[in-house]
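Visitor: Protein chains in written order, with our numbering: chain A, 199 to 407; chain B, 6 to 335.
If you scroll down you'll find the structure; I have some questions about it.
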Amino acid sequence: MSVDFLIETAKKIQVIINDNSSEIEKLDQEIGDGDHIFNVQRGIKLVIELEPTIKDLIMSKALNQIAMKVLSGIGGSSGALFGTLFMTMAKGNAIDEGVDYKKAIEIFAEGVEAVKQRGKADVGEKTMMDVLIPVSNCLKKGVEDDKDLKEILKEAVEVAEKGMFSTKDLLATKGRASFLGERAKGHIDPGARSSQLMIKTVCESVINS
Amino acid sequence: MKKFMNSADDFLKESLQGFGAAHQDIVSCHYDPNFITRVTPTKEGKVALISGGGSGHEPMHGGLVGHGMLDAACPGFVFSSPTPDQMLAAAEKVDSGAGVLFIVKNYSGDVMNFQMAAEMMQGPNESVLTNDDVAVEDSSFTTGRRGVAATVVVEKIVGSLAEHGGSLHECKALGDKVNKNSGSMGVAFSSCTVPAAGKPNFDIGDDEMEFGVGIHGEPGRRRDKVKSAQEITNELLEAINEDLKPEANEEILLFVNGMGGTPLTELYLIYDNAKNMLDKKNIKISRSLVGNYCTSLEMQGASITLTKLDEELVKHWDSSVHTAAMRWGV
Chain A
199 MSVDFLIETA KKIQVIINDN SSEIEKLDQE IGDGDHIFNV QRGIKLVIEL
249 EPTIKDLIMS KALNQIAMKV LSGIGGSSGA LFGTLFMTMA KGNAIDEGVD
299 YKKAIEIFAE GVEAVKQRGK ADVGEKTMMD VLIPVSNCLK KGVEDDKDLK
349 EILKEAVEVA EKGMFSTKDL LATKGRASFL GERAKGHIDP GARSSQLMIK
399 TVCESVINS
Chain B
6 MKKFMNSADD FLKESLQGFG AAHQDIVSCH YDPNFITRVT PTKEGKVALI
56 SGGGSGHEPM HGGLVGHGML DAACPGFVFS SPTPDQMLAA AEKVDSGAGV
106 LFIVKNYSGD VMNFQMAAEM MQGPNESVLT NDDVAVEDSS FTTGRRGVAA
156 TVVVEKIVGS LAEHGGSLHE CKALGDKVNK NSGSMGVAFS SCTVPAAGKP
206 NFDIGDDEME FGVGIHGEPG RRRDKVKSAQ EITNELLEAI NEDLKPEANE
256 EILLFVNGMG GTPLTELYLI YDNAKNMLDK KNIKISRSLV GNYCTSLEMQ
306 GASITLTKLD EELVKHWDSS VHTAAMRWGV
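Set out below in structure tokens:
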């Protein structure tokens, strides 16, 4: 994983998020406050705009710049949560000596764990954690079992989609959707949808490379 | 969408610039990161009070910066929490060395961002989390009750204590006490439109109301047909009383808050109807506040807040305040 890869992937994520923006906005208006899509779009745009600043930086510094940018530029829960994800990844052990796929999975898993702590949300609470935690576990397991990378990533794409759909029938206990009680049932969580799209993009861009 | 705006991107900046210019005797607005401070530096030894939240709730919080209330406010984008860099910059500017008290409404985004700021901050700091909205059930498994209009009451009363030399610990304790002594509930007749979204946050029929609505238009307890003002007021007060359990002859502050799109005429009508009911229950209204303080853009609606008072709280409620939105005793 290189800094170039981060930037190129952010550009691909921008395309897929823009393609699905009205769906995500609608999901959020059903059970949230409608700002999630704007936060995500703003965040991705800011990361892409960082290209000239970070392209020659070492990995830890580049990730840290991304973290501070999404933290200050997005605001809301998304900013704090994605900021925590990248800030934790930036602290990954020895990442400036090169990040192979095993290292990438290791720091992603550490990041997801930190996000879980920050948001105090676990699987089953109708949030993006219903996508991120199973994906993180799937990736770690794949490495442990010494599976082929492409196979691991294909599995992660499926796990992400399954996690996203699982939020449909859940009651929300965290975030603004929690105020809806039973009324939130039957709606997919917008944060789970946007996270699933991002995971899919990252995995598929590695699979197809 | 019809709004006074030039572009969604400049909406907040232009509004802040206007606010700063209109009240330049009281506040200074700082940009990138955005925060509002008093025009005068914090007195040596005075605890600095910093609040913040998404924009769209004006005058909360920028209009509450000034003598007797906040030292700084951090406005986020409309209905979106401010970020740690804003809080850190504000803290650096207003901390006199006596510490910083963050006053935070219990919404996930606000809580997380203030928490990150508190973790990154060097000096002593504490936080008061407001969660007065009785429409939402409190539970350790959920985000819990929302922080709404009572935040204004907390900021007034703790602001006074800080002005009178209260320590960081005392300010935190008093803030928690005011929050615990307060209960709020709101009702909305119409939705509101976030400028960047361009369309209403939720759909609501002409004859419908959202009972127990949150300050961003989040759903409350139920969707209902519009009823008479007295019936709505009674239901709001019953829900608050059930939670707050004021005793007969107990003194309270009655705060009727507008959500932005309801005229003062109607807010005073609600006040009258609330007084009818509280009189019947022998609950003594000893202090009052009526107006648009904790708003939700142009939403038609209102909330009622009750705060149980004692001698200490009355003293700090009455003490002088000089902000853009609240001004007495000066």
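Using N, Cα and C, we set each Cβ at its ideal position, and we do this for glycine too.
Treat the numbers as computed from the prediction; the structure is a model and nothing was measured.
Below 6 Å CB to CB, which residues in the same chain sit around Leu302 of chain B once its five sequence neighbours on both sides are set aside?
Guide: Position 297 of the second sequence, counted from the first residue, corresponds to residue 302 of chain B. The residues are Gly61, Cys197 and Gly265.
Visitor: Hey, does Thr88 of chain B have any beta-carbon neighbour from chain A nearer than 7 Å?
Guide: Working through the second sequence from its first residue, we reach residue 88 of chain B at position 83. It does: the Cβ of Thr88 of chain B has a partner Cβ on chain A nearer than 7 Å.
Visitor: Please check if any C-beta of chain A sits within less than 7 Å of the C-beta of His221 of chain B.
Guide: Counted from its first residue, the second sequence places residue 221 of chain B at position 216. Output row for His221 of chain B: interface = yes.
Visitor: Give the single residue among B:Ser85, B:Phe82, B:Pro64 and B:Val83 whose Cα lies nearest to the Cα of Leu75 of chain B.
Guide: Position 70 of the second sequence holds residue 75 of chain B. Among B:Ser85, B:Phe82, B:Pro64 and B:Val83, the Cα nearest to that of Leu75 of chain B belongs to B:Pro64.
Visitor: In whole angstroms, give me the CA-to-CA distance for Trp333 of chain B and Val99 of chain B.
Guide: Here the question's residue 333 of chain B lines up with position 328 in the second sequence. Here the question's residue 99 of chain B lines up with position 94 in the second sequence. Roughly 23 Å separates the two Cα atoms.
Visitor: Please classify His169 of chain B as buried or exposed, where buried requires at least 16 other C-beta atoms within 10 Å of its C-beta.
Guide: What you label residue 169 of chain B is simply residue 164 of the second sequence in a count that begins at 1. The residue is exposed, with fewer than 16 neighbouring Cβ atoms inside 10 Å.
Visitor: Once DSSP output is grouped into helix, strand and coil, what is the label at Met121 of chain B?
Guide: On the second sequence, position 116 is the one that residue 121 of chain B refers to. Helix at Met121 of chain B.
Visitor: Does Ala302 of chain A come within less than 7 Å of chain B when only Cβ atoms are used?
Guide: By 1-based counting over the first sequence, the position of residue 302 of chain A is 104. By this cut-off, Ala302 of chain A is not an interface position.
Visitor: What would DSSP say about Asp387 of chain A, mapped onto helix, strand or coil?
Guide: Here residue 387 of chain A refers to the residue found at position 189 of the first sequence. Three-state result, Asp387 of chain A: coil.
Visitor: I'd like the span of the alpha helix (DSSP H) that includes Asp202 of chain A, first residue to last.
Guide: As a first step, residue 202 of chain A must be located in the first sequence, where it is residue number 4. Its alpha helix (DSSP H) spans residues Val201 to Asp217.
Visitor: Nearest to Leu269 of chain B by alpha carbon, out of B:Asp115, B:Ala77, B:Ala53 and B:Ala307?
Guide: Indexing the second sequence from 1 puts residue 269 of chain B at position 264. With distances taken between Cα atoms, Leu269 of chain B lies closest to B:Ala307.
Visitor: Which residue marks the beginning of the alpha helix (DSSP H) containing Asp328 of chain A, and which one marks its end?
Guide: Stepping through the first sequence from its first residue, residue 328 of chain A is reached at position 130. Segment Met327 to Glu342, the alpha helix (DSSP H) holding Asp328 of chain A.
Visitor: Would you say Ala265 of chain A and Phe284 of chain A are within 7 Å of each other, going by their C-beta atoms?
Guide: As a first step, residue 265 of chain A is located in the first sequence; it is residue number 67 there, counting from the start. As a first step, residue 284 of chain A is located in the first sequence; it is residue number 86 there, counting from the start. Cβ distance < 7 Å, so Ala265 of chain A and Phe284 of chain A count as in contact.
Visitor: Indicate whether Leu314 of chain B and Glu256 of chain B have their beta-carbon atoms separated by less than 7 Å.
Guide: Position 309 of the second sequence holds residue 314 of chain B. Position 251 of the second sequence holds residue 256 of chain B. Yes, the Cβ-Cβ distance between Leu314 of chain B and Glu256 of chain B is below 7 Å.
Visitor: When you compare only the Cα positions, how much space is there between Val158 of chain B and Lys232 of chain B?
Guide: Within the second sequence, the letter at position 153 stands for residue 158 of chain B. Within the second sequence, the letter at position 227 stands for residue 232 of chain B. Their Cα atoms are separated by approximately 28 Å.
Visitor: Taking only the alpha-carbon atoms, compute the straight-line gap between Phe84 of chain B and Gly59 of chain B and give it to the nearest angstrom.
Guide: Start at 1 with the first residue of the second sequence, and residue 84 of chain B comes out as number 79. Start at 1 with the first residue of the second sequence, and residue 59 of chain B comes out as number 54. Taking the straight line from one Cα to the other gives about 4 Å.
Visitor: Hey, does Leu269 of chain A have any beta-carbon neighbour from chain B nearer than 7 Å?
Guide: Here the question's residue 269 of chain A lines up with position 71 in the first sequence. Leu269 of chain A counts as touching chain B.
Visitor: Residue range of the alpha helix (DSSP H) that Leu242 of chain B falls in?
Guide: Working through the second sequence from its first residue, we reach residue 242 of chain B at position 237. Taken as a continuous stretch (DSSP letters only), the alpha helix (DSSP H) holding Leu242 of chain B covers Ala234 to Leu249.
Visitor: Against chain B, with Cβ distances strictly below 7 Å, would Ala278 of chain A count as a contact?
Guide: As a first step, residue 278 of chain A is located in the first sequence; it is residue number 80 there, counting from the start. Cβ-Cβ to chain B under 7 Å: yes for Ala278 of chain A.
Visitor: What is the DSSP secondary structure of Val404 of chain A, reduced to helix, strand or coil?
Guide: Along the first sequence, one-based indexing puts residue 404 of chain A at 206. Residue state, collapsed to three classes: helix.
Visitor: In the DSSP assignment, find the alpha helix (DSSP H) that holds Lys257 of chain A and state where it starts and stops.
Guide: As a working note, residue 257 of chain A is residue 59 in the first sequence. Lys is not the amino acid found at residue 257 of chain A; the sequence shown has Met there. Where Met257 of chain A is concerned, the enclosing alpha helix (DSSP H) stretches over Met257 to Ile272.
Visitor: Applying a beta-carbon distance threshold of less than 8 Å, which residues of chain A neighbour Pro224 of chain B?
Guide: Walking along the second sequence from the start, residue 224 of chain B turns up at place 219. Simply Phe377, Leu378 and Arg381.
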